[in-house]
Amino acid sequence: MNLVEQVQQNLKEEIKAAVLKAGLASEDQLPEVILEIPKEKAHGDYSTNMAMQLARVAKKAPRMIADAIVANFDSTKASIEKIELAGPGFINFYMDNSYLTELIPSILEEEDRYGETNAGKGQKIQVEFVSANPTGDLHLGHARGAAVGDSLCNILAKAGFDVSREYYINDAGNQINNLALSVEARYFQALGMEKEMPEDGYHGEDIIQIGKELAAEYGDKFVHMPEDERFNFFREHGLKVEMAKLKKDLHDFRVEFDVWYSETSLYHNGKIDTALKTLRDNGHIYEEDGATWLRSTPFGDDKDRVLIKQDGSYTYLTPDLAYHKDKLDRGFEKLINVWGADHHGYIPRMKAAIEALGYKRDVLEVEIIQLVHLFKNGEKMKMSKRTGKAVTMRELVEEVGLDATRYFFAMRSADTHMDFDLDLAVSESNDNPVYYAQYAHARISSILRQAAEQGFSVEKEVDLKQVGSEKEVDLLKKLGEFPQAVSDAALKRTPHRIANYVFDLASAFHSFYNADKVVDKEQPERTKARLALVKAVKITMKNALSLIGVSAPEKM
RNA sequence: GUCCCAGUAGCUCAGUAGGAUAGAGCAACAGUUUCCUAAACUGUAGGUCGGAGGUUCGAAUCCUUUCUGGGACGCCA
0 MNLVEQVQQN LKEEIKAAVL KAGLASEDQL PEVILEIPKE KAHGDYSTNM
50 AMQLARVAKK APRMIADAIV ANFDSTKASI EKIELAGPGF INFYMDNSYL
100 TELIPSILEE EDRYGETNAG KGQKIQVEFV SANPTGDLHL GHARGAAVGD
150 SLCNILAKAG FDVSREYYIN DAGNQINNLA LSVEARYFQA LGMEKEMPED
200 GYHGEDIIQI GKELAAEYGD KFVHMPEDER FNFFREHGLK VEMAKLKKDL
250 HDFRVEFDVW YSETSLYHNG KIDTALKTLR DNGHIYEEDG ATWLRSTPFG
300 DDKDRVLIKQ DGSYTYLTPD LAYHKDKLDR GFEKLINVWG ADHHGYIPRM
350 KAAIEALGYK RDVLEVEIIQ LVHLFKNGEK MKMSKRTGKA VTMRELVEEV
400 GLDATRYFFA MRSADTHMDF DLDLAVSESN DNPVYYAQYA HARISSILRQ
450 AAEQGFSVEK EVDLKQVGSE KEVDLLKKLG EFPQAVSDAA LKRTPHRIAN
500 YVFDLASAFH SFYNADKVVD KEQPERTKAR LALVKAVKIT MKNALSLIGV
550 SAPEKM
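Residue 0 is where the first sequence starts when you use numbering that gives the first Met the number 0, and the numbers rise one by one after that.
(1) Taking the beta carbon of LYS220 as the centre, do at least 16 other beta carbons fall within 10 Å, making it buried, or is it exposed?
(2) Determine contact between the region 106 to 121 and the region 293 to 310, defined as no fewer than three beta-carbon pairs at a distance below 8 Å.
(3) Going straight from the alpha carbon of PHE72 to that of ASP161, what length do you get?
(4) Extract the residue ranges of the alpha helix (DSSP H) inside the region 322 to 394, only unbroken runs of 4 or more that lie entirely within it.
(5) Is the CB-CB distance between VAL517 and ILE446 below 8 Å?
(6) Touching or not, the region 212 to 230 and the region 136 to 152, by the rule of three or more beta carbon pairs under 8 Å?
(7) Measure from the alpha carbon of ALA21 to the alpha carbon of each residue in GLU12, ASP66, GLU458 and GLN52, then state which is nearest.
(8) If I measure Cβ to Cβ from VAL32 and keep anything under 7 Å in the same chain, skipping five residues before and after, which residues do I get?
(9) Select from ILE368, ASN376, LYS375 and LYS326 the residue whose C-alpha is nearest the C-alpha of ILE353.
(10) If you follow the alpha helix (DSSP H) that VAL258 is part of, which residue opens it and which one closes it?
(11) Count the C-beta pairs between the region 398 to 418 and the region 153 to 171 that are closer than 8 Å, then say yes if the count reaches three, no if not.
(12) Is the CB-CB distance between GLN122 and GLU366 below 8 Å?
(13) With a CB to CB cut of under 8 Å and the five nearest residues on each side skipped, what residues in its chain are close to PHE374?
(14) Taking the beta strand (DSSP E) that GLU286 falls in, what are its first and last residues?
(15) What is the residue span of the alpha helix (DSSP H) that ASP402 lies within?
(16) With a cut-off of 8 Å, do at least 3 Cβ pairs link the region 502 to 509 to the region 75 to 82?
(17) Which residues mark the beginning and the end of the alpha helix (DSSP H) in which LYS40 is found?
(18) Near ASN9, which residues of its chain fall below 8 Å by C-beta distance, leaving aside the five closest residues on each side in sequence?
(19) Buried or exposed for HIS283, please, with buried defined as at least 16 other CB atoms from any protein chain shown within 10 angstroms of its CB.
(20) Measuring alpha carbon to alpha carbon, tell me which of GLU195, TYR167 and ASP251 ends up nearest SER264.
(21) Under the three-state reduction of DSSP, which class applies to PHE160: helix, strand or coil?
(22) In the DSSP assignment, find the unbroken alpha helix (DSSP H) run with ILE90 in it and report its ends.
(23) State the DSSP-derived secondary structure class of TYR313, mapped to helix, strand or coil.
(24) Which word fits HIS323, buried or exposed, when buried means at least 16 other C-beta atoms lie within 10 angstroms of its C-beta?
(25) Near ILE209, which residues of its chain fall below 6 Å by C-beta distance, leaving aside the five closest residues on each side in sequence?
(26) Between which two residues does the alpha helix (DSSP H) containing ARG496 stretch?
(27) Identify every run of the beta strand (DSSP E) within the region 136 to 217, keeping only runs that are complete inside it and at least 3 residues long; order them along the chain.
(28) Quick check: PHE511 and LYS476, are their CB atoms within less than 8 Å of each other?
(29) Here's a check: name, in chain order, each residue in its chain whose Cβ is nearer than 8 Å to the Cβ of LEU107, leaving out the five neighbours to either side.
(30) Please list the terminal residues of the continuous beta strand (DSSP E) segment that includes MET417.
(31) Using CA coordinates, which residue listed in VAL337, LEU245, ASP402 and ALA441 is at the minimum distance from GLN125?
(32) Quick one: grab the DSSP three-state call for ALA16.
(33) Mind checking ALA555: buried by the 16 CB within 10 Å criterion, or exposed?
(34) Leaving aside the five residues before and after PRO482 along the sequence, list all residues of the same chain whose C-beta is less than 6 Å from its C-beta, in chain order.
(35) Pull up the distance between the alpha-carbon of ASN542 and that of PRO347, whole angstroms please.
(36) Taking DSSP as the reference, what is the three-state secondary structure of THR116?
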């Protein structure tokens, strides 16, 4: 438990004690003590609505209850400077904030580890994200999914979850056949021969490129090859090239996976059969119209789902549910799937399948990534995978820059539609929030460099009484909130909160910077204390930025 | 037609498990540099939280209904 949590814990205990002492409620009637940080500074550092919560139990007016609580409150045990009653019955606590300075040495000590919490209690959690078909370039929507998924994983890990990041490769099924036929067509075309693209072919630039490369390397070697042999080659080759490209693009986007899970492997290792057997044993399968169905409606699905089609092949759901069974068999207690908005309707189906397999439906959580609209010169840009004119993730990063792209995706809550303003993201002006945060880090680096030139060094043991100006206290409070922000973002699966935190911290720092001078030869003791403070900010900023995949530059 | 998501300042978005006078950035307006990076800071102005009912001490938040925008409703993946 860190310092701030400790102080909050003490305060909660004392509130509880006061309520009991005042005889307002018995131990088992006592609601959980809710502490909040008031928006308004004038309302103190913390406030509680305990008096209002107790109104029903104690059958008294909230103000009277609040009076009784305050009268029985022992201020000496909880770093309280003053208590006030306000509004309908809020109790506002003004802290003796000198304890906050203790944060400085503790952050300097923890360094990279600062912000780690035990909110996840080591729970084994698996996050599946991106999982785009290897049939073309990653585009805008995938980029958002990748940024959100990766940030979420970073945050979960920081908050004490045991996280595995996985990518489900759809390397089986129709789309891969279409990939093979598309590559084949582009290959023939590269040789100057007529060949039609398949009906559901992939028209991306990348497939044209593969065709050209094959033509250049092998000439017309494949033209004369038996058709099925040729098909197999194009299939394998297309898959190989697409996967390599996918992995590289994601790596360049600062996204790494622990497991790349092949759909095809489920066909070969019998896991689909096992899953089907389980469903059959549980009595959730029936045959009709020459197909095999999952009776999913009892588990909240709109209609039952086909698992094995008339032609004997599986639907998309079948290997996917086998994959999810495998995840659970591997011991994960919680599964998070990060899906695009177009898969929204797939959720009840998957949850039903999980329940039919004998697990609790709540082990699966789905985070939906809403659509991204790209704006340039105030105009909305169209995207379509079919025509191949989509803006790819690579193009986006090349144009906008990696840090700005990651930050822009991280700063919005994932389940709302997003307008991505290209002009703003590209601009290196004060309009751009990415640089605002990075600039704080660069500024601190600059201060530390100059302090070093003047003979100062950052020490852990400093005279903490030197720290106490209004801006310093604000900054310290922000620093202290970081672990809580991490826990919160993790438990609520809301990575954008970390981006908000980054912004708030930067704001608190810039404000401090303009009010208080750090390096001052006339005041060596205060300088040392402020250097330590500023170094703590630098550490925290870097830690927070890294959670959302944004770099922390020393210079700008 | 059914289901899901969204609707908050001119624009883009927050809003912490129902709390106090709903916040921030940009845009607008007015200021700050003999001083560690002005990619910064300080201040002013800007709102019927889509509309209407309801639940209670108290609602942007929960419930019902309605309007608007987007998405999903395959033996596609």
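Using N, Cα and C, we set each Cβ at its ideal position, and we do this for glycine too.
For this structure:
(1) exposed
(2) no
(3) Cα to Cα, the separation comes out at about 41 Å.
(4) Runs of the alpha helix (DSSP H) inside the region 322 to 394: 346 to 355.
(5) yes
(6) no
(7) ASP66
(8) LYS11, ILE14, LYS15, THR47 and MET49
(9) Nearest of ILE368, ASN376, LYS375 and LYS326 to ILE353, Cα basis: LYS326.
(10) Careful: VAL258 lies outside any alpha helix (DSSP H), inside the beta strand (DSSP E) at 258 to 261.
(11) no
(12) No.
(13) Closer than 8 Å at the Cβ level, and outside the excluded window around PHE374, lie MET380, ASP418, PHE419, ASP420, LEU421 and ASP422.
(14) 284 to 287
(15) 401 to 409
(16) no
(17) Neither: LYS40 is in no alpha helix (DSSP H) and is coded neither H nor E.
(18) LYS76, ALA77 and SER78
(19) buried
(20) TYR167
(21) Coil at PHE160, not helix or strand.
(22) Note, ILE90: premise wrong, no alpha helix (DSSP H); beta strand (DSSP E) at 89 to 94.
(23) Of the three classes helix, strand and coil, the one that applies to TYR313 here is strand, per DSSP.
(24) buried
(25) VAL182 and VAL240
(26) Segment 495 to 514, the alpha helix (DSSP H) holding ARG496.
(27) 161 to 168
(28) no
(29) VAL457, LYS459, ALA531, LYS534, ALA535 and ILE538
(30) 417 to 420
(31) VAL337
(32) Here ALA16 carries a helix assignment [DSSP, helix/strand/coil].
(33) Here residue 555 is Met; the residue named in the question, Ala, does not match the sequence. It is exposed - the Cβ of MET555 has fewer than 16 other Cβ atoms within 10 Å.
(34) ASN1, GLY114 and THR116
(35) 37 Å
(36) coil
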